[in-house]
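This report concerns only the one structure given below.
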Amino acid sequence: MASWTLTSHLLSINKEQFTRATQSAFLESAASGTLPKKTISHWLANDRLYMLGYIRLSGELLRILQLPSKPTGSKDAGTTEVQLLDWLVDALANIRREERFFMEVAERYDLDVDITEPDGVTVQGDRKLEGLKRFEKLFGSLTTGNANNDLLPWLEGAVLFWATEKVYFEAWSWAKRQAESSSSKSLDSDEDNGAMRKEFIPNWTNEEFIKFVNTLESLLNEGVQQAIGQDEKRKEQIVMRAKHVWGQLLDAEEAFWPII
């Protein structure tokens with residue numbers, strides 16, 4: 001029997017909601033090339049604002065990592081915290097690259113991803129998806145919450161990053177499978193001229209992305225296992241904290257897909 005891991009435990013609960021968060025009507029329409037540009041533009045604008053919260057939470061997690069004073073050898077991967085540091089540095093580079101990709105594709109396909117007021121700063125409140133509002137609340141709670149927790153102060157942040165990346169990858173992988181099984185009409189005949197099926201879906205389902213997600217999953221599970229040892233009380237405490245974030249994350253992810 002496979003050994004227990006935190007991520008496998010989380011994936012074993014809230015299964016129906018996980019399915020709803022990864023198999024929405026929006027994704028199905030994206031896979032068939034029937035999403036109007038206006039709908040895609042609105043969603044991309046919200047996804048870009050989600051990235052800003054992601055960046056801020058990365059900074060908070062970097063701040064609270066308890067990095068060792070003792071140096072490690074060049075061949076030593078270091079502690080979980082050191083490896084999380086490396087992952088976060090890569091995550092920040094990835095999210096900035098992703099934003100540039102968004103803007104480049106938006107310009108080529110004539111997608112308007114600006115939902116700010118005329119001042120160019122204030123976001124139009126009524127243009128925010130409910131999912132974005134939930135993400136902003138969740139990001140905010142974690143940047144002010146468990147930094148002083150002696151037991152894995154980085155836990156909530158790491159769970160959130162793994163969970164949101166996992167759901168994102170699974171969602172677009174499902175969309176890719178739908179696209180592959182649908183009729184083989186020309187991408188240029190799509191309502192978005194192929195933006196989703198030609199650009200975005202391949203970008204969000206590549207091997208590099210899943211390796212990135214799996215790296216964090218391994219770090220999270222290893223760090224949790226080291227902290228738990230054989231202590232069932234610690235395990236229960238960690239699971240409760242992780243389940244709280246997991247539930248909120250699924251709420252946000254499910255509400256992030258526009259209703260069509």
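Numbering follows the UniProt record's numbering, in which position 159 of the sequence shown is assigned residue number 159; successive positions increment by one, without gaps.
From the three backbone atoms N, C-alpha and C, an ideal C-beta is built for every residue, glycine too.
Rounded to a whole number of angstroms, what is the C-alpha to C-alpha distance between W4 and F139? 28 Å
Can you have a look at H244 and say buried or exposed, based on whether 16 or more other CB atoms are within 10 angstroms of its CB? exposed
On a CA-only basis, which of E232, T22, E180 is nearest R197? Give me that one, please. E180
Am I right that L216 and A158 are in contact with their C-beta atoms under 8 Å? What's the rounded C-beta distance? 7 Å
Check V105 in the structure and name its three-state DSSP category. helix
Can you give me the start and stop residues for the alpha helix (DSSP H) that F256 sits inside? 232-256
Relative to the C-alpha of G194, which residue among I238, E136, L111 is closest? L111
Reduced DSSP category for T116 - H, G, I as helix; E, B as strand; rest coil: strand
Determine the DSSP secondary structure at V123, reduced to helix, strand or coil. strand
Within 10 angstroms of its Cβ, does A93 collect 16 or more other Cβ (buried), or is it exposed? exposed
Is S182 buried or exposed, if buried means 16 or more other CB atoms sit within 10 Å of its CB? exposed
Since I believe A21 is in contact with E254 (beta carbons under 8 Å), could you give me their beta-carbon distance rounded to a whole number of angstroms? 4 Å
Let me know if L44 comes out buried or exposed under the rule of 16 or more other beta-carbons within 10 Å of its beta-carbon. buried
Have a look at R177 and F26 and give me their C-alpha separation to the nearest angstrom. 14 Å
With a threshold of 8 Å, are at least 3 pairs of Cβ atoms found where one atom belongs to the segment 228-243 and the other to the segment 94-114? no
Hey, W154 and L65 are a contact pair by Cβ (cut 8 Å); roughly how many whole angstroms apart? 6 Å
Backbone CA spacing between L152 and P258 [nearest angstrom]: 35 Å
Please classify Q248 as buried or exposed, where buried requires at least 16 neighbouring CB atoms within 10 angstroms. buried
What did DSSP end up calling N214 once you bin it into helix, strand or coil? helix
Closer than 7 Å by C-beta to K235: which residues in its own chain qualify, once you throw out the five before and the five after it? Chain order, please. I228
Rounded Cβ spacing between G7 and N221 (contact assumed at less than 8 Å): The identity of residue 7 in the sequence shown is Thr, whereas the question assumes Gly. Yes, they are in contact, since the Cβ atoms of T7 and N221 sit about 6 Å apart, within 8 Å.
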